Amino acid sequence: MSRLLFEKTGDSIYISHLDLMRVFQRAFRRAGLLLRHSQGFTPRAIVSIALPLSVGVESVCELLDFELEQGSATAEGLNAVLPAGIRVREVYEGGRKIKELTHLRARVTLEYDGEAPEASAVEALFRGETLVLEKQSKKGTAQVDILPMVRDLTVTRPDGHTLVLEAVICAQNPSLNPMLLAQAVEVYVAKPDFAFARRLEVLDAQGNVFR
Numbered sequence: 001m002s003r004l005l006f007e008k009t010g011d012s013i014y015i016s017h018l019d020l021m022r023v024f025q026r027a028f029r030r031a032g033l034l035l036r037h038s039q040g041f042t043p044r045a046i047v048s049i050a051l052p053l054s055v056g057v058e059s060v061c062e063l064l065d066f067e068l069e070q071g072s073a074t075a076e077g078l079n080a081v082l083p084a085g086i087r088v089r090e091v092y093e094g095g096r097k098i099k100e101l102t103h104l105r106a107r108v109t110l111e112y113d114g115e116a117p118e119a120s121a122v123e124a125l126f127r128g129e130t131l132v133l134e135k136q137s138k139k140g141t142a143q144v145d146i147l148p149m150v151r152d153l154t155v156t157r158p159d160g161h162t163l164v165l166e167a168v169i170c171a172q173n174p175s176l177n178p179m180l181l182a183q184a185v186e187v188y189v190a191k192p193d194f195a196f197a198r199r200l201e202v203l204d205a206q207g208n209v210f211r
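For the sequence shown, position 42 matches number 42 in the UniProt record's numbering, and the numbering has no gaps at all.
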């Protein structure tokens, strides 16, 4: 099994997960690389993305696993045929088991037309005993305390109209969408006029970079 590290930024953040899978399968074909397929009546290309990214969220640390029938992929070859905003940073063989990927570091930027709240007010929110929000899941909407899924949070106020939150959050079992950090500020402090999130790095349980 081979693995590639890629980023999804700019306008490409509006490409859905399923469309992103199609983008990569097409890119492999255009690069002259034949993906291995599963056996059976409905063969499927052996290609998967570790943590599907929500539409509208940027990332510089996405992981995609794939198998080729022959040959080898390179970052340069794939980048030559990928659309703007999707860029392969590295291609390598093997890699750790995805179940060992437990956390990710994320940055959430909140912009206000008026005065932004003080950083201390947001820090105090995340120092509380609980922080309950509505969280969407396959089973519907549920009230969830997100505090156990957030650690190492820092809040900065680079100017009077912007807040930047950076934190390590749970990546799977359970997972936390970084935009819920923005939702927490909206519900309990002050609603921003614009919010966007970026995944910065994927980590294991010890906080080490996962590859």
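Even for Gly, the Cβ is constructed at its ideal location relative to N, Cα and C. On a predicted model such as this, the values are computed, not experimentally measured, just so you know.
Pairwise C-alpha distance: Leu125 and Glu115: 18 Å
Phe196 (DSSP reduced to helix, strand or coil): Under the three-state reduction of DSSP, Phe196 is assigned to strand.
Spatial neighbours of Pro158 in its chain, beta-carbon cut-off 7 Å, leaving aside the 5 residues before and after: Val164
Distance, Ile146 Cα to Thr102 Cα: 15 Å
Minimum C-alpha distance to Leu18 - residue among Arg30, Asp65, Val55, Leu5: Val55
Beta strand (DSSP E) segment containing Gln143, residue limits: 140-145
Outcome for Arg29 when other beta-carbon atoms lying within 10 angstroms are tallied against a minimum of 16: By the Cβ-count criterion, Arg29 is exposed, with fewer than 16 other Cβ atoms from all chains shown falling within 10 Å of its own Cβ.
Outcome for Glu58 when other beta-carbon atoms lying within 10 angstroms are tallied against a minimum of 16: buried
Unbroken alpha helix (DSSP H) run spanning Leu20, endpoints: 17-30
Counted within 10 angstroms of its Cβ, other Cβ atoms place Leu34 as buried (16 or more) or exposed: exposed
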